[in-house]
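Residue numbers (our numbering): 4 to 206. So the structure is just underneath, and the comments pick up after that.
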Amino acid sequence: MELGRACSAMAAGAALLWLLPATGCVPTQTFNGEVVEPARPAPELTGVNWDGQPFRLSEHRGKVTVVFFGYTYCPDVCPFTLAKMKQIYRDLGDRADGLQVVFASVDPQRDTVEKLAAYVPSFDRRFYGLRLEQADLQAATDGFGLTVQYGQPKEGPETASYYYVDHTGTFFIIDREGRLRLKFPPNATAEQMRPDLEKLLAT
C-alpha cells in the first residue's frame with residue numbers, strides 16, 4: 004500500500020515537471036550584472052564612426068551590444084575599459100562575431116573622427132568609436148541617464164585647452180532584439196561580464 008502511494012506521488016511529480024515548460028514556470032536566468040526590469044528598447048545613439056561611416060544604434064540589431072561612454076584623453080577608466088573588452092573578445096573566440104562594442108565619446112570638442120580613428124582601432128578594429136554632435140550627445144545623456152561634467156580648461160599635453168571629463172562609466176548591455184537588459188559598473192571585471200554576455204549570445 005505504501006509502495007502504491009509512493010509510485011502515485013512519483014507519477015504526479017513527473018506530470019508536474021512535464022507541465023512546467025507549458026505553464027511558463029521555468030527557472031529564470033541569473034546574471035552577474037544589474038538586470039533592467041522590465042527590459043526596454045535601448046535609447047537611440049547616433050553618431051559618426053571612426054571610419055567616417057554614420058552610425059545609428061537602432062539599425063544594429065541582431066547582435067549583443069556593449070555600449071559605454073568616454074573620451075580619448077581619459078587617463079585611466081576608458082583605456083582600461085577598452086582593454087577589458089579586447090580581453091572578452093579574445094576569450095569568446097569565434098563567438099565574438101555576435102558581439103559588438105560601441106565606445107561613444109562625450110568630448111566632441113577634442114574627439115574628432117580622426118582622433119577616434121587613431122585611438123579605438125588600436126584596441127580592436129572591430130570596435131565602434133563614435134563622435135557625437137552636441138545635440139546627439141545631449142540626447143544620449145538624457146536617454147542613458149548619463150552624468151557628464153567638464154573640468155576647467157588649462158594648459159596640458161597635446162592641446163592648449165587640456166581638461167578632464169567626469170562621466171558615467173557604466174557598461175550598458177543590449178540584447179539581439181535591441182533591448183537594454185543589463186548594466187555593469189565600470190569596475191566590473193571581464194570574468195564577471197563574460198558569463199552574462201555568453202547567455203545573451205546563446206539566445
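The C-beta atom is built at its ideal place from N, Cα and C for all residues, glycine as well.
Quick check on DSSP: helix, strand or coil for residue i?
| i | result |
| --- | --- |
| Asn190 | coil |
| Val29 | With a pLDDT of 39 at Val29, under the threshold of 50, the modelled position of this residue cannot be trusted; read the value that follows with caution. If DSSP states are grouped into helix, strand and coil, Val29 belongs with coil. |
| Pro24 | In this prediction, Pro24 scores a pLDDT of 44, lower than 50, which makes its location untrustworthy; no coordinate-derived value is stated. |
| Leu135 | coil |
| Thr84 | helix |
| Thr115 | coil |
| Leu200 | helix |
Pop quiz: residue i and residue j are said to be a contact at Cβ under 8 Å. What is the actual Cβ separation, rounded to whole angstroms?
| i | j | result |
| --- | --- | --- |
| Arg179 | Lys66 | 6 Å |
| Leu183 | Arg43 | 6 Å |
| Tyr122 | Thr68 | The pair is not a contact, with the Cβ atoms about 20 Å apart (cut-off 8 Å). |
| Lys157 | Val39 | That belief does not hold up - the Cβ atoms of Lys157 and Val39 are roughly 38 Å apart, past 8 Å. |
Return the residue from the list the options that minimises the CA-CA distance to residue i.
| i | options | result |
| --- | --- | --- |
| Ala85 | Val70, Gly96, Gln56, His170 | The residue you asked about is not Ala; residue 85 is Leu in the sequence shown. Selected option, being the one with the closest Cα: Val70. |
| Thr208 | Pro156, Lys157, Leu149 | Examination of residue 208 is not possible in this model, given that the chain is present from 4 through 206 alone. |
| Val105 | Glu136, Arg93, His63 | His63 |
| Ala142 | Gly36, Val38, Leu48, Pro41 | Leu48 |
| Lys87 | Thr115, Pro41, Pro188 | Pro188 |
| Gln195 | Ile91, Tyr167, Tyr131, Gly101 | Ile91 |
| Asp114 | Tyr166, Asp199, Lys186 | Tyr166 |
| Ile176 | Glu201, Pro156, Gln155 | Glu201 |
| Gly154 | Glu37, Phe130, Cys77, Phe147 | Cys77 |
| Gly36 | Leu135, Thr173, Gly181 | Thr173 |
| Asp79 | Asp169, Pro156, Glu117, Ala138 | Asp169 |
To the nearest angstrom, how far is the alpha carbon of residue i from that of residue j?
| i | j | result |
| --- | --- | --- |
| Leu140 | Thr33 | 33 Å |
| Arg93 | Ala99 | 8 Å |
| Trp53 | Asp110 | 14 Å |
| Asn190 | Cys81 | 11 Å |
| Arg197 | Leu102 | 11 Å |
| Leu133 | Gly50 | 6 Å |
| Asp199 | Leu60 | 21 Å |
| Leu119 | Asp97 | 26 Å |
| Gly73 | Leu95 | 24 Å |
| Ala45 | Ala107 | 15 Å |
| Ala138 | Asp145 | 11 Å |
| Glu136 | Thr206 | 34 Å |
Which residues does DSSP list as the beta-bridge partners of residue i?
| i | result |
| --- | --- |
| His170 | Val151 |
| Gln103 | Thr68 |
| Gly73 | Ser108 |
| Leu185 | Val38, Ile176 |
Any beta carbon of chain D sitting closer than 7 Å to that of residue i?
| i | result |
| --- | --- |
| Arg129 | Protein chains in the displayed structure number just one, and chain D is not present. |
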